[in-house]
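Read through the structure below, which is laid out as structure tokens, and then see the notes.
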Amino acid sequence: YGYQNEVGYDNTVSAINLSTFKEDKKIELPAYNPVRLKKDNQGNIYVLCWEIWQKTKSSLYKLNPSTYAVTKIADGGVGIEMVLSGDKLLIMKLDYEADATTFSYYNTKKGELINQSFITDGTIIEKGNSLTVDPVTENIYVGTGDYLTKGKMYIFSKEGKLLNQFTSGGYYPMGAYFLTEKTYAVN
């Protein structure tokens, strides 16, 4: 079995009834490889489809959860990671051929894709691989790395200004994770 053979890429997202855990609807997308789903404050669901190596480019779709209508926002290499911050869907793109990381965002209220970085202070990010927003402070965390050097984590304010950066200790930081609720144990 060679790596050139198809490995079963799919182009569907399923709506699941959380009471029964059964599929209510299988929604077909115009692109393959859906990997990220995010829900905005209006209830719309955004689907990021990754590229299929040397066949397709990444694309972004909006899914109406009531009608299951799918609307294309962008294609042709949109990004590898996305996260919601208020009414902004922050998007990170890694161009493997140019070895460059770029950022953009989608205004979910206005329905506009803004092809400018949400990083506003001129900080250059190389080899970005993770994107996270702190749900309390709305600070933006961008992880960078490769398999040769220790990764870094950059912390930006919600306005896009660099607050801090540090070496992660590992080669490929996969994100920042936040515990926002107290957990109690019964003894």
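Under the numbering used here, think of the first position of the sequence shown as 1009, with each following residue one higher.
Glycine included, every Cβ here is placed at the ideal spot set by N, Cα and C.
Inset, instruction - Taking Lys1030 as part of the beta strand (DSSP E), name the residues at either end of that continuous run. - result: Lys1030 to Glu1036
Legend entry - Alpha-carbon spacing of Ile1122 relative to Thr1175, whole angstroms: 30 Å
Inset, instruction - Take Gln1173 and list the residues in its own chain whose beta-carbon comes closer than 8 Å to its own, dropping the five residues that flank it on each side. - result: Lys1160, Met1161, Tyr1162 and Ile1163
Inset, instruction - Name the one or two DSSP bridge partners that Ala1184 has. - result: DSSP lists no partner for Ala1184.
Legend entry - Assigned secondary structure, Lys1063 (DSSP; H/G/I helix, E/B strand, else coil): coil
Inset, instruction - Just list the beta strand (DSSP E) runs in the region 1066–1136, keeping only unbroken ones of 3 residues or longer that don't cross its boundaries, in chain order. - result: 1067–1071, 1078–1082, 1089–1093, 1096–1103, 1108–1115 and 1120–1122
Inset, instruction - Report the rounded CA-to-CA distance for Met1090 versus Leu1098, giving the unit in angstroms. - result: 5 Å
Inset, instruction - In the DSSP assignment, find the unbroken beta strand (DSSP E) run with Ser1022 in it and report its ends. - result: Thr1020 to Asn1025
Legend entry - Where Ser1165 sits in the DSSP three-state scheme: coil
Inset, instruction - Go to Val1144, then tell me how far its beta strand (DSSP E) extends in each direction, as first and last residue. - result: Unbroken run through Val1144: none, as it is neither H nor E.
Legend entry - Three-way DSSP call (helix, strand, coil) for Gly1151 in this model: strand
Legend entry - Nearest-angstrom Cβ-Cβ length linking Asn1019 and Ala1039, presumed shorter than 8 Å: 6 Å
Legend entry - Span separating the alpha-carbon of Thr1028 from that of Pro1073: 18 Å
Inset, instruction - Taking Ile1035 and Tyr1076 to be in contact with their CB atoms under 8 Å, please state how far apart those CB atoms are, rounded to whole angstroms. - result: 5 Å
Legend entry - Contact belief for Lys1118 with Glu1146 at Cβ below 8 Å, rounded distance in angstroms: With a Cβ gap of about 19 Å, Lys1118 and Glu1146 do not count as contacting.
Inset, instruction - Measure the CB-CB distance between Lys1135 and Thr1152 and report whether it falls below 8 Å. - result: yes
Inset, instruction - Helix, strand or coil for Leu1156, going by three-state DSSP, please let me know. - result: coil
Inset, instruction - Tell me whether Asn1049 is buried or exposed, calling it buried when 16 or more other Cβ atoms sit within 10 Å of its Cβ. - result: exposed
Inset, instruction - Can you grab the Cα-Cα spacing for the pair Leu1055 / Glu1120, in whole Å? - result: The amino acid at residue 1055 is misidentified as Leu; the sequence shows Val. Approximately 16 Å, taken between the alpha carbons.
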